[in-house]
Amino acid sequence: MSLHQAVLANEVLEHLNIKENRNYIDVTFGQGGHSRLILQANGPEGKVLGIDWNPEAFEGAGSLKKDFPKRLTVKYGNFADLDELMKTEKRKNWDGILADLGWSMDEIKSSGRGLSFQIDEPLNMVYGNVESENAWDLVNKAPFEKLLMIFRDYGEERWAHRIATRIVEQRRLAKIDTTKQLADLVANSIPKRFHSHHIHPATRVFQALRIAVNHELENLERFLPQAKKYLKSGGRLVVISFHSLEDRIVKQAFRQWMKDGEGKVVTKKPVIAGAEELEKNRASRSAKLRVWEKG
Ligand SMILES: C[S@@+](CC[C@H](N)C(=O)[O-])C[C@H]1O[C@@H](n2cnc3c(N)ncnc32)[C@H](O)[C@@H]1O
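Counting from 1, one number per residue, gives the positions in the sequence shown under our numbering.
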């Protein structure tokens, strides 16, 4: 049973402008929450192509395939390599593309890769077969300045300097091998009176490391112009982001394309969750949805 609830579900359906027999790509298939809603709305012949870089994400796809025979295809891969993934697709023009960025609750809680400070696991965090430094490498080997940048810019952590200093001191004595060791070190670096009542003191540092290890901002930057190519005229690109740097990348790309005369920004301001959803789904608190329509 998935822990994940699709965020901004009604808003996604409305802004993708779902119509019967039209075709959509969901580049962050996850637990298939949004894909299921799209398939319910674009029947009887409309197709969905689901992409995800976590093969476990497709475990639930079997039941979706049964419920919507011949209408769902899933593909393993990084959405930053969309051109590559589309090479084997006959259809080159789609009615809409959805990206619901970040991680699902299931991945955070049970990835086995140390994504969460709540579960004691080896520090790793790597997704999508990227040949890159993992979280252990960064924490134990990256220069102080790099750690500082990651915590400050990606984590928007006000104690970034102090945390990076403590990490560099600690790792001279013994390596920081597990999520618990790191979470404790971060918590001890921030004076108790500044600990939030709402979030764990290590939340921002873990978010920052996930972004750095998986090149999340670069992936988004590479993905957006590729996605634009696979839309029909009038087709829509809908992106939900959870981080201010991601939202800025999306906002700037959409504005630039509008200036270039390639289409229009549908959402002048980002769409956010309403009171009812905020109450039910914590993940929706920081969700921002932006929409672009190809001319
Ligand atoms: C927030 S979840 C999506 C949940 C999904 N919309 C649902 O309703 O079930 C984000 C998903 O995108 C995947 N993902 C993140 N970055 C990716 C990338 N660069 N390429 C492909 N998949 C990615 C994650 O593995 C995760 O499954």
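Every residue, glycine too, gets a C-beta built ideally from N, C-alpha and C.
Note that the structure is a prediction, hence the values are computed from the model and not measured.
Query: G50: CB within 6 Å of a non-hydrogen atom of ligand 1; Result: no
Query: The alpha helix (DSSP H) enclosing R236, as first and last residue numbers; Result: Counting along the chain, R236 falls outside any alpha helix (DSSP H), though it belongs to the beta strand (DSSP E) covering L231 to S241.
Query: Burial state of Q207 (16 or more Cβ within 10 Å); Result: buried
Query: Candidates K75, K259 and G274, of which the one nearest A283 by Cα; Result: G274
Query: Reference M125, options E145, G102 and E276, closest by Cα; Result: G102
Query: S35 and G50 closer than 7 Å at C-beta; Result: yes
Query: Residues bridged to A99 [DSSP beta-bridge criterion]; Result: V239
Query: Beta-carbon spacing of I38, I18 below 7 Å; Result: yes
Query: Residues near K65 in its chain [Cβ-Cβ closer than 7 Å; skip 5 each side]; Result: L72
Query: Nearest-angstrom Cβ-Cβ length linking D100 and V213, presumed shorter than 8 Å; Result: Actually they are not in contact, since the Cβ atoms of D100 and V213 sit about 20 Å apart, beyond 8 Å.
Query: Stretch pair the segment 285-292 + the segment 244-258: three plus CB contacts closer than 8 Å; Result: yes
Query: Any 3 or more C-beta pairs closer than 8 Å across the segment 167-179 and the segment 75-87; Result: no
Query: Rounded straight-line distance, which links the Cα of P69 to that of N21; Result: 14 Å
Query: Straight-line gap, D81 to E133 (C-alpha atoms, nearest Å); Result: 19 Å
Query: T73 Cβ short of 6 Å to ligand 1 heavy atom set; Result: no
Query: Whether Y127 touches I211 by CB criterion (7 Å); Result: no
Query: Pairwise C-alpha distance: A287 and L13; Result: 16 Å
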